[in-house]
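Take the sequence shown: its letter number 68 is residue 68 in UniProt numbering, and every next letter is one higher. From the three backbone atoms N, C-alpha and C, an ideal C-beta is built for every residue, glycine too. Just below is one structure, and these are the notes that go with it.
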Amino acid sequence: MFIEFIILSIVIGLIRGGKFSNLFKVNFKKMWLLIAALIIQYLLIVINFMDEVNYIDKLFRYMNKLAIISYVLLLIGIIMNLRYKSLWVVLGGAILNFTVMAANNWKRPILLEGIGLEGFERFHRLLEQGNLPLYTTITQGTKLSVLGDIIIVPKPYPYPHIFSIGDLIISLGLFTLIQEIMFFGNKYSGSRYNYIGRI
1 MFIEFIILSI
11 VIGLIRGGKF
21 SNLFKVNFKK
31 MWLLIAALII
41 QYLLIVINFM
51 DEVNYIDKLF
61 RYMNKLAIIS
71 YVLLLIGIIM
81 NLRYKSLWVV
91 LGGAILNFTV
101 MAANNWKRPI
111 LLEGIGLEGF
121 ERFHRLLEQG
131 NLPLYTTITQ
141 GTKLSVLGDI
151 IIVPKPYPYP
161 HIFSIGDLII
171 SLGLFTLIQE
181 IMFFGNKYSG
191 SRYNYIGRI
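So, in structure tokens, the structure goes:
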């Protein structure tokens with residue numbers, strides 16, 4: 001869902017007269033932390049949904065630890081760049097996701113009934129088979145289940161998915177971050193400003 005919000009924000013930013021070129025001039029501190037975190041999370045997602053995983057069983061044993069490392073890198077990277085005010089929103093969403101995973105043995109609780117809907121057949125099958133090491137179904141024993149993946153976007157949406165409140169907050173943060181960069185670039189002094197008023 002992050003991609004949809006990013007694309008939507010860019011389109012709206014262009015309509016409002018923002019500078020697309022500013023996105024290529026952004027200067028994040030310790031950018032490698034954010035890049036490393038995103039690469040690790042992307043690889044974990046890809047590996048998590050592989051049907052044949054016998055040859056990477058050893059890696060599977062460390063997936064939860066890698067997920068923790070990626071979140072720590074992500075949180076540090078965000079904190080170091082909080083001069084972009086929108087990153088406070090992203091940080092809040094990331095903390096919610098991190099918290100619910102920490103409370104549930106470093107797995108993301110997910111609503112099984114939700115992925116039983118059309119468009120989630122493969123996800124449902126893998127979860128029932130116990131082949132998704134980064135996910136666990138929401139039960140009565142699940143802690144902070146309200147922060148799990150409970151928000152469902154089924155078909156006919158072209159890209160059905162299920163996400164958490166934390167994911168939604170992160171997406172909104174990314175949306176406003178892009179608006180912030182397209183209109184203000186790297187010109188920050190720590191003073192207050194209001195780009196929302198330009199909508």
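If you follow the alpha helix (DSSP H) that residue i is in, where does it begin and where does it stop?
| i | result |
| --- | --- |
| Tyr71 | Met63 to Ile79 |
| Val90 | Leu87 to Ala103 |
| Val146 | From DSSP, Val146 is part of no alpha helix (DSSP H); its letter is neither H nor E. |
Which residue wins for smallest C-alpha separation from residue i, given the options the options?
| i | options | result |
| --- | --- | --- |
| Ser161 | Gly93, Leu96 and Phe120 | For the sequence presented, residue 161 should be read as His rather than Ser. With distances taken between Cα atoms, His161 lies closest to Phe120. |
| Arg108 | Leu91, Pro154, Ser171 and Leu127 | Leu127 |
From residue i to residue j, what does the alpha carbon distance come to, in whole angstroms?
| i | j | result |
| --- | --- | --- |
| Leu174 | Ser164 | 15 Å |
| residue 203 | Met1 | Past the boundaries of the shown model lies residue 203; the chain is included only from 1 to 199, so the question cannot be answered. |
| Tyr85 | Leu172 | Here residue 85 turns out to be Lys, not Tyr, going by the sequence shown. Looking at the two C-alpha atoms, the distance is approximately 12 Å. |
| Gln140 | Ile151 | 18 Å |
| Lys155 | Ala67 | 29 Å |
| Gln129 | Leu144 | 24 Å |
| residue 204 | Ile3 | This structure cannot settle anything about residue 204, because the visible part of the chain is limited to 1 through 199. |
| Ser9 | Tyr157 | 19 Å |
I'd like the list of long-range same chain contacts for residue i, defined as Cβ closer than 7 Å, with 5 residues on each side in sequence excluded.
| i | result |
| --- | --- |
| Leu34 | Phe28, Leu74 and Gly77 |
| Ile169 | Val89, Gly92, Gly93 and Leu96 |
| Phe123 | Ile115 |
So, for residue i: in the same chain, excluding its five sequence neighbours on each side, which residues have a beta-carbon less than 6 Å away from its beta-carbon?
| i | result |
| --- | --- |
| Met182 | Gly13, Gly18, Lys19 and Asn22 |
| Ser70 | Ala37, Ile40 and Gln41 |
For residue i, which residues in the same chain have their Cβ closer than 8 Å to its Cβ, ignoring the five residues on either side in sequence?
| i | result |
| --- | --- |
| Ile6 | Leu174, Phe175 and Ile178 |
| Glu180 | Tyr84, Lys85, Ser86 and Tyr195 |
| residue 200 | Nothing can be reported for residue 200: it is not among the residues displayed for the chain, which extend from 1 to 199. |
When you measure from the CB of residue i to every non-hydrogen atom of the ligand NAP, does any distance come out below 8 Å?
| i | result |
| --- | --- |
| Gly18 | No copy of the ligand NAP occurs in the structure displayed, which carries no ligand at all. |
Can you name the start and end residues of the beta strand (DSSP E) that residue i belongs to?
| i | result |
| --- | --- |
| Ser164 | His161 to Ser164 |
Looking at C-beta atoms only, is the number of pairs between the region 93 to 105 and the region 128 to 145 that lie closer than 8 Å three or more? yes
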